[in-house]
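The sequence shown begins at 22 in the working numbering and counts up one residue at a time.
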Amino acid sequence: MDIWQSASDADKYTTTGWLGRYLDSECPDCKNPYNAIEVSDTLSLALKGEKYNGIAVENPEKFFMSTSEKYFGDIANANKNKHDDENVAYLYKTIVEATSSAEYVYKTSKIYKSKLDYPKGQFSSNLKTIAELIVSGIDTQVFYVSLGGFDTHVGQNEDLKGNDKLNDVFVMTFSEFGRR
């Protein structure tokens with residue numbers, strides 16, 4: 022998937038993805054990690070940029086609960102601007118962004134819960150999460166989800182259409198049969 026996620030030639034290796042580079046160059050207001058969300062427990066290369074990275078959120082409530090631990094709060098409030106070491110500053114920034122993003126995503130995710138039945142499976146569940154976040158009004162420009170099976174998107178179209186959001190959503194599908 023490196024080729025698809027980086028949009029690079031097979032012989033070129035890069036640490037940024039095509040959506041991350043898009044956010045870097047075309048979305049100057051995308052300063053929050055939640056401006057690009059991958060519904061997963063791991064952030065794909067596609068959402069990694071030089072300046073901005075998206076976030077991986079499989080379950081908004083679990084993400085919020087995991088960042089609500091006292092330990093994260095202690096780190097976030099300790100010596101906010103006193104990080105001379107570049108690596109420590111990066112880690113601190115990542116923790117602060119994750120904590121604030123988790124709270125925003127969780128609170129927004131509670132606004133709308135779909136009553137429609139989606140097919141069983143992780144991909145369907147992820148698309149339902151995306152539809153719920155879109156209808157809830159989350160400030161996200163890019164959603165990213167990976168397909169682990171087939172015919173699992175049946176409920177998303179009806180959900181978005183029923184909530185007058187279908188014309189605001191662009192769905193793109195790609196597949197890779199070869200390997201790098």
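Idealized CB from N, CA, C, for every residue including glycine.
Treat the numbers as computed from the prediction; the structure is a model and nothing was measured.
Q) If you draw a straight line from the alpha carbon of D45 to that of T36, how long is it in whole angstroms? A) 14 Å
Q | Helix, strand or coil at N178 [DSSP, three-state] | A | helix
Q.
Can you give me the C-alpha to C-alpha distance between V163 and K134, rounded to a whole angstrom?
A. 20 Å
Q: Verify whether the separation of the beta carbon atoms of Y139 and G176 is less than 8 Å.
A: Between Y139 and G176, the gap from beta carbon to beta carbon is short of 8 Å.
Q. Would you report the Cα separation of Q26 and L66, rounded to the nearest angstrom?
A. 6 Å
Q) Who are the near neighbours of V78 in its chain, counting only those whose CB is closer than 6 Å to its CB and skipping five residues on each side? A) I58, F84, V126
Q.
Spatial neighbours of V190 within its chain, please: C-beta separation below 6 Å, excluding the five flanking residues on both sides.
A. L181
Q) Based on the DSSP secondary-structure assignment, which residues constitute the bridge partners of E59? A) A77, Y165
(Q) Mapping the DSSP letters down to three states, classify K186 as helix, strand or coil. (A) coil
Q.
My output table needs one value for K134: the three-state DSSP class, helix, strand or coil.
A. coil
**Q.** Residue burial classification, G158 (beta-carbon count within 10 angstroms, cutoff 16)
**A.** exposed
Q. According to DSSP, what are the bridge partners of K69?
A. N74
Q. Which two residues bound the contiguous alpha helix (DSSP H) that contains T211?
A. Outside the displayed range of the chain (22 to 201) lies residue 211, so it cannot be described from this structure.
**Q.** Presumed contact (8 Å Cβ cut-off) between L68 and L40, rounded CB distance
**A.** 5 Å
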